[in-house]
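Notes follow the structure.
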Amino acid sequence: GAVVSQHPSWVICKSGTSVKIECRSLDFQATTMFWYRQFPKQSLMLMATSNEGSKATYEQGVEKDKFLINHASLTLSTLTVTSAHPEDSSFYICSARPRASGKDTQYFGPGTRLTVL
Amino acid sequence: GQNIDQPTEMTATEGAIVQINCTYQTSGFNGLFWYQQHAGEAPTFLSYNVLDGLEEKGRFSSFLSRSKGYSYLLLKELQMKDSASYLCAASNDYKLSFGAGTTVTVRA
Chain Y
27 GAVVSQHPSW VICKSGTSVK IECRSLDFQA TTMFWYRQFP KQSLMLMATS NEGSKATYEQ
87 GVEKDKFLIN HASLTLSTLT VTSAHPEDSS FYICSARPRA SGKDTQYFGP GTRLTVL
Chain Z
3 GQNIDQPTEM TATEGAIVQI NCTYQTSGFN GLFWYQQHAG EAPTFLSYNV LDGLEEKGRF
63 SSFLSRSKGY SYLLLKELQM KDSASYLCAA SNDYKLSFGA GTTVTVRA
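Line by line, the protein sequences are chains Y and Z. Just add 26 to wherever you are in the first sequence, counting from 1, and you've got our numbering. Just add 2 to wherever you are in the second sequence, counting from 1, and you've got our numbering.
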């Protein structure tokens, strides 16, 4: 149980285009989903917290107009990187907090590797 | 702000024991997570400490001292497959702040 999927697993796009990444909780409902970014040899950095049915909360320094987050249902959150540039190339990982769980339980997706040419 | 420190790299031989230390300074604190991450993959959960003391789970144990802002992950009977990055993460109100990770290399 507690499986989180991400799609796509990897994506290559041209500079200036937009890319959408999906995060799904497959066997549980997630009231909260988190989006992280990880550059090579660095740790995960929280980008934003996404609550179902409400606006995402972005961490300091993360542009909300560039990284659009939609959490339309209890099992799906999407991250859209708009007007992507090479510096946006990174490993994007989502995690989901089950609706009926202890406060701190989070399950991670397998990640999406984005390369912007 | 959040400040999570852990060593960058550690090397040990198969069958040995390795202890990875983590110190944290955070504005709020609920508990301390340890995750294992293989290159190019997402983190997988290892342990979670809320109270002071040692939590043992098979070959892996984790310790927490809230008063000292200190935790460690103990890996026993090391196996080659344990070669990975180990991430320490402090939790505050559902949010995780990660350390940079400790790369553990297990040699035969």
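The beta carbon of each residue, even a glycine, is placed where N, CA and C say it ideally should be.
- The alpha-carbon separation between Asp130/Y and Gln86/Y amounts to approximately 21 Å.
- Boundaries of the beta strand (DSSP E) harbouring Phe100/Z: Lys97 to Phe100, taken from the DSSP string.
- Only exposed fits Phe65/Y, as fewer than 16 other CB atoms lie within 10 angstroms of its CB.
- DSSP places Pro45/Z in the coil class of the three-state scheme, outside both helix and strand.
- When DSSP reads this structure, Asn51/Z sits in a beta bridge with Leu34/Z.
- Residue environment for Lys97/Z: buried (at least 16 other C-beta atoms within 10 angstroms of its C-beta).
- Residues of the segment 66-78 of chain Y whose Cβ lies closer than 9 Å to any Cβ of chain Z, in chain order: Lys67, Gln68, Ser69, Leu70, Met71, Leu72 and Thr75.
- At least one CB of chain Z lies nearer than 7 Å to the CB of Pro136/Y.
- Between Ala102/Z and chain Y, the shortest Cβ-Cβ separation is below 7 Å.
- Annotation for His33/Y: the continuous beta strand (DSSP E) segment containing it runs Val30 to His33.
- Less than 7 Å separates the beta-carbon of Ile47/Y from that of Tyr118/Y.
- CA-to-CA, the gap between Ala92/Z and Val88/Y works out to about 20 Å.
- In this structure, DSSP gives Pro66/Y a state outside helix and strand, which the three-state scheme calls coil.
- Residue-level contact by beta carbon fails for Pro9/Z and chain Y, as no gap is shorter than 7 Å.
- When Cβ pairs closer than 8 Å are counted between the two stretches, the segment 98-115 of chain Y is seen not to touch the segment 63-76 of chain Z, the count staying below three.
- In the DSSP assignment, Ala126/Y falls outside any beta strand (DSSP E), carrying neither H nor E.
- DSSP lists Thr141/Y as the beta-bridge partner residues of Ile38/Y.
- Here the alpha carbon of Ala82/Y sits roughly 33 Å from the alpha carbon of Asp54/Z.
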